[in-house]
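Residue numbers (this note's numbering), protein chains in the order written: chain A, 1 to 413; chain B, 1 to 316; chain C, 1 to 336.
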Amino acid sequence: MNQTSGFARSVWFSRLNRLVDFSPVIVALVLALVVASVLLLALNANPLEAYAAMWEGAAGKENAAAETLVKATPILFVGIGITIAFRGGMINIGGEGQMIAGALAGVTVALILGEMRVPPELAKEKGAFDLIIVTCSLIGGFLAGALYGGLAGFLKAYFDVNEILSTIMLNQIAVQMMNFLLNGILLDPAEAGINNIPKTARLVTAAQLPRLSLPIGDPYLFARTRLHWGLIIAIVMAVIIYIFLWRTSLGYRIRAVGENQRASSYAGINVKRQMMFSMFLAGGFAGLAGVVQVLGLQYRLQTDGSPAGFTGAAGFNGIVAALFGGLNPIGAIPASAFFGGLLVGAQKMQRDLGVPASLITAVNGLIVVFVVSSEIFILQRSKRRVSLQETPDNLGSGGGKPADRASPDEGSG
Amino acid sequence: MELDAIFTASVFASAIRLATPYIFAALGETFAQRSGVLNLGVDGMMLMGAFTGFYAVFITQQEGTLSEPLSLLFGVLIALIVGGLMGLAMAFVSVTLQAKQGISGIGVYLFGLGLSELLFQQWVGTPKSVSGFPRITFPILSDIPVLGEIFFHHNLLVYVAFALVPISAFVLNRTTFGLMIRAVGQNPEAADAMGVSVARVRYATTTIGGMLAGLAGASLSIALINLFQQNLTAGQGFIAVALVYFGGWRPWAVAAGAMLFSFVNALQLQIKVIGLDIPSEFAVMAPYVITIIALVFASKRQEQPTALTKPYERGE
Amino acid sequence: MKKRYLIILVFLLAWAGMPSLAEDDVFRVAALMPSAINDLAFSQSMYDGLTAVQNALGEEAFQFAVQDSTYIVDDAAVALRDWAASGDYQLVIAHGSQYGPIVEELASEFPDVSFAWGTRQDTFGLDNVYSYAAASDEGGYFNGVLAAHLTESRVIGLVGPIEVGDGKLYADGFANGVASVDPDIDVNIVFIGSFSDVPLATEAAETHIANGADILTGTAQMVVGPIAAALENDVRWFGSDSSQDELSGDIGVAFQIYKWDVLLLDMISKIGEGNLGGEYYVLTLANEGLVMEFDQDFEISDELMAVAEATIAGIVSGDIAPIPAVEEDMAEESED
């Protein structure tokens with residue numbers, strides 16, 4: 001059970017891989033499905049029917065595909081942020097809290113600006129006004145998430161408070177803050193005294209992110225679904241951040257700090273500032289995820305007291321998507337879609353076959369473990385090739401160079 | 001409101017109970033991290049330990065196959081084994097397969113969360129209680145005013161948790177095994193060159209971490225609460241990971257962090273019970289806020305294991 | 001449990017895509033719940049209600065599908081839309097007030113499907129939406145009156161989730177019930193800020209007991225913790241939503257039980273007549289949607305039984321208003 005056997009296994013696997021030319025990721029997925037099948041059989045459910053239901057729920061119909069993308073949108077936003085943080089050497093577990101901070105600020109801006117009346121002489125420009133309201137709300141959400149994430153970066157940089165600790169704690173603080181505000185100043189005035197679940201007023205149409213359809217067919221593709229412009233914003237952001245990280249000097253500095261703090265410091269980079277900045281951006285994108293959920297989907301913010309009730313655990317799933325995407329914002333796009341489909345399809349399985357939701361949670365866990373474990377075989381295979389993504393030095397396997405801090409792990413380089 | 005109505009002996013006793021699962025889980029995580037393995041799956045391991053430990057006790061008590069003390073020991077054993085197996089799996093994934101630890105930990109968490117709930121639904125159904133570890137009353141000691149209530153009215157697992165603090169500190173700082181753990185976490189190449197098997201040490205610590213996480217779960221399901229429900233731990237495993245950072249990988253400081261967090265939590269409950277008029281939300285967030293603030297002002301002598309989260313591959 | 005899941009839904013694939021109303025006389029309901037169907041609380045009450053309806057009407061006339069543990073509101077939207085669009089269900093139930101905005105949107109989009117949601121009295125002015133609520137303050141008041149008679153320490157503890165909705169209603173009714181017997185009895189109330197944090201709820205119960213409480217009560221699915229703490233410390237327990245008799249051993253006293261089958265049966269017959277909604281229901285002691293059940297192990301004295309009966313009679317007749325203000329709110333809302 002050590003290096004040797006691992007190596008032996010990998011040799012065996014890479015031969016198999018060359019034979020059938022199968023990606024180990026697929027093998028891992030198949031393995032996860034095999035285990036899931038055993039569990040399904042134990043529950044007297046037919047695995048084939050179950051997977052058919054899953055596929056139908058995730059991509060089988062127009063609406064299913066749309067819901068997969070809707071589910072993927074916040075995961076992608078968070079994933080972009082996590083990518084920046086991890087590239088900058090910061091482990092951000094605070095996506096949930098940052099989403100909440102972003103949603104709180106964004107909905108506040110949207111509610112206030114939504115109250116404004118367009119002067120009659122400018123009625124023609126109504127579209128522009130709407131755009132301004134939505135843009136300001138998105139910026140508000142980004143900034144609030146960014147400040148919340150930046151706080152963890154600040155505590156790390158100047159008080160040496162580990163960011164894993166602070167972000168886990170800040171998640172809980174954010175949800176209590178949300179409960180307090182939604183039951184107080186942000187409470188829907190129509191709900192005062194009615195003692196309902198705490199929520200804000202519904203956003204006016206002008207403050208909503210429009211629904212999205214593609215000009216294919218009649219009616220247009222996705223015209224009758226909940227798909228919204230948040231998806232497009234997220235994809236555009238992924239591209240921008242890819243360019244930012246690999247084509248600008250600011251992005252280079254963030255990655256440099258992530259790769260080697262000491263060397264960066266010698267090279268004259270302000271390490272503390274870069275740490276704060278990468279957490280600021282990471283929080284900002286999680287904040288965008290939060291505000292987009294409100295503006296594009298729910299049109300109001302409400303809480304059942306738990307973070308996941310609002311975030312849908314996108315703050316965590318975004319971490320998984322970012323790492324599956326190879327810590328590359330572009331890679332996070334398919335990774336998010338994959339997880340979106342998995343989560344949406346899994347529920348269909350419960351509805352159609354009565355398979356308990358808990359089985360699906362367990363199988364999701366297995367998929368994550370198996371896929372992430374399979375990467376070693378990919379790496380071994382492509383050892384002589386240049387890795388698709390440049391792996392930061394001290395994220396690799398060496399560990400010989402003393403680093404001052406934890407850095408996100410990357411498998412072996 | 002009088003201060004002595006807030007800081008009652010029962011608040012301190014309550015803090016000790018609340019801290020128990022955190023101490024088990026965080027000490028286990030300390031071992032794993034000291035050797036360089038970040039296990040984010042603690043909560044999933046706790047849940048599996050909580051369920052299987054509970055189920056072992058439930059079945060043996062239901063059918064009367066074991067006497068009460070034996071069934072409880074059996075429950076502890078099962079929780080240790082199941083937690084240990086999950087730790088072993090985590091070690092295989094992180095050490096042998098060199099998977100990204102943050103992400104594989106989240107997978108392990110989801111797996112434990114889902115499987116414990118599934119098994120609970122299939123085998124038990126609705127929440128049912130067992131007679132768990134009873135509170136121990138010590139002759140004389142338990143009758144000491146204040147101190148007796150605070151320290152000498154707990155169940156066995158509470159004492160085991162606190163006893164593990166000095167034991168862990170001793171093992172890590174004063175034994176050869178501890179030296180190997182620290183060496184492997186600090187400088188795996190050097191440790192390897194000196195003939196220490198990096199993989200074997202990391203397997204051992206991650207398995208110990210899993211066992212203690214299992215025990216942490218069992219301390220809830222068969223000692224402090226005496227039943228199981230879906231997601232019983234409510235995210236305590238993640239707080240335990242945070243507490244390891246709070247304590248800077250030193251067992252005493254980790255336990256102190258667990259006590260601080262739990263004490264503020266006990267305090268906020270007491271404040272609400274006696275009817276102090278502060279918004280409930282602020283009371284609930286207090287332990288989290290104060291833990292961060294405490295760390296801001298604490299003097300940090302953190303010795304982060306240099307090789308934390310980094311898989312080790314021999315001279316390639 | 002295995003059987004339970006099987007019974008629910010295996011039929012679905014066979015009928016997928018076919019307009020089921022034309023094909024057979026089976027009335028099909030789909031229900032969405034925020035927590036597990038075996039939570040001994042809110043979600044279980046609806047599951048038990050659906051099962052009771054099935055027992056009353058027979059499996060050949062009534063079937064239901066369930067998705068439980070759907071606390072994520074966006075996931076709820078997916079499930080509800082899927083059910084509504086399938087055309088297989090005559091009635092889609094969204095069992096949680098957080099689902100309201102989704103029901104509002106879907107109901108306009110699928111006018112031929114009947115929706116029911118709760119707990120809240122608001123049909124959004126749509127005639128294919130039923131809404132339902134439970135006057136949980138009534139059971140709270142009843143439990144409070146009994147608790148006030150049973151307490152010896154004159155301290156009673158309540159553990160609630162967050163300070164809104166049914167939990168708040170129950171707590172207010174309970175406190176008023178206690179006060180109606182003796183305003184000097186302390187009712188200590190702790191809302192722990194979560195529906196699911198069992199360890200914290202357990203410790204909240206322990207804190208109540210340490211502060212002298214000899215009776216505990218509470219709502220939401222995390223109360224299994226306080227019940228266990230009550231068992232451990234041998235203090236009495238009053239419950240709500242579902243019967244917790246199974247868990248509460250010999251310390252349980254009384255439970256307020258939501259009988260959703262009462263209103264479900266009425267809704268089903270109305271839908272059969274072509275009325276798809278536009279009304280709201282409130283479970284009360286008067287309409288027997290709320291039932292007070294004593295724990296099987298609780299031996300009630302004759303005097304206390306007399307008090308219990310008088311309290312129910314008073315609430316039913318309207319002589320007792322568990323929360324005066326709430327009754328007004330209801331009146332106001334029913335006007336619009």
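Using N, Cα and C, we set each Cβ at its ideal position, and we do this for glycine too.
The structure presented is a predicted model; accordingly, all values stated were derived computationally and were not measured.
| Item | Value |
| --- | --- |
| Name the chain A residues that come within less than 7 Å of PRO279(B), Cβ to Cβ? | PHE180 |
| Is the beta carbon of ALA213(C) sitting closer than 8 Å to the one on VAL155(C)? | yes |
| Compare the C-beta of GLY365(A) against all C-beta atoms of chain B and say whether one is closer than 8 Å. | yes |
| Is there a Cβ of chain A sitting closer than 8 Å to that of VAL289(B), yes or no? | yes |
| Can you give me the Cβ contacts of ASN226(B) inside the same chain, cut-off strictly under 6 Å, excluding the 5 residues immediately before and after it? | SER129, VAL130 and GLY132 |
| Give the straight-line distance between the Cα atoms of HIS149(C) and ILE209(C), rounded to the nearest whole angstrom. | 18 Å |
| Using a Cβ cut-off of 8 Å (strictly closer), state whether GLY102(B) contacts chain A. | yes |
| Against chain A, does VAL78(C) count as a neighbour if the rule is that its beta carbon must be under 8 Å from one of theirs? | yes |
| Determine whether the Cβ of THR126(B) lies closer than 8 Å to any Cβ atom of chain C. | yes |
| The beta strand (DSSP E) that contains ASN188(C), what's its start and end? | 186-191 |
| What three-state label does DSSP hand GLN304(B) in the structure shown? | coil |
| Which runs of the alpha helix (DSSP H) spanning at least 4 residues fall entirely within the segment 74-134 of chain A, listed in chain order? | 95-114 |
| At a Cβ cut of 7 Å, what residues of the segment 96-120 of chain C count as close to chain A, listed as they run along the chain? | SER97, GLN98, PRO101 and ARG120 |
| Helix, strand or coil: how does DSSP classify ASN179(A) here? | helix |
| What does ALA266(B) touch in chain C if you count any residue whose Cβ is under 8 Å from its own? | GLU203 and THR207 |
| Under 7 Å Cβ-Cβ, which residues of chain B neighbour ASN162(A)? | TYR245 |
| What's the call for ALA56(C), buried or exposed, on a 16-neighbour Cβ count within 10 Å? | exposed |
| Look at the alpha carbon of SER35(C) and the alpha carbon of LYS168(C), and state the distance between them as a whole number of angstroms. | 19 Å |
| Please check if any C-beta of chain C sits within less than 8 Å of the C-beta of SER336(A). | no |
| Between PHE77(A) and ALA289(A), how many whole angstroms is the CB-CB distance? I'm expecting something under 8 Å. | 4 Å |
| With burial defined as no fewer than 16 other Cβ atoms inside 10 Å of the residue's Cβ, what is the status of ASN38(C): buried or exposed? | buried |
| To the nearest angstrom, how far is it from the Cα of VAL187(C) to the Cα of VAL146(B)? | 25 Å |
| Can you find a C-beta in chain C that's less than 8 Å from the C-beta of GLN98(A)? | no |
| Could you work out which residue in ALA253(B), ALA298(B) and MET46(B) is closest to GLN320(B) when comparing CA atoms only? | Within the shown structure, residues of chain B are numbered from 1 to 316, placing residue 320(B) beyond reach of any answer. |
| Do we get a CB-CB distance below 8 Å when we pair PRO199(C) with the residues of chain B? | yes |
| Mapping DSSP to helix, strand and coil, what is LEU342(A)? | helix |
| Strictly below 8 Å CB to CB, what residues from chain B border ALA228(C)? | SER129, ILE225, ASN226 and LEU227 |
| Would you kindly work out how many angstroms separate the C-alpha atoms of PRO21(B) and GLY217(B), rounded to a whole number? | 7 Å |
| Just to confirm my understanding: we take GLU335(C), look at its own chain, exclude 5 residues before and 5 after, and list those with CB closer than 8 Å. What are they? | Low confidence applies here, because GLU335(C) scores a pLDDT of 38, under 50, leaving its location unreliable and the question unanswered by this model. |
| Just to check my reading of the structure: LEU110(B) and GLY365(A) have Cβ atoms closer than 8 Å, yes? What is that Cβ distance to the nearest angstrom? | 3 Å |
| Please report how far the alpha carbon of ARG28(C) lies from the alpha carbon of LEU91(C), in whole angstroms. | 7 Å |
| What are the start and end residues of the beta strand (DSSP E) that includes THR217(C)? | 215-218 |
| Just confirm the distance between the C-beta atoms of GLY283(A) and GLY150(A), as a whole number of angstroms; I'd bet it's less than 8 Å. | 6 Å |
| Using 8 Å as the threshold, is the C-beta distance between THR200(A) and GLY97(A) below it? | no |
| By a C-beta neighbour count over all protein chains shown, 10 Å radius and 16 as the cutoff for buried, is ASN44(A) buried or exposed? | exposed |
| Is there a C-beta anywhere in chain D that falls below 8 Å from the one on ILE292(B)? | The chain labelled as chain D is not found among the protein chains of the depicted structure, namely A, B and C. |
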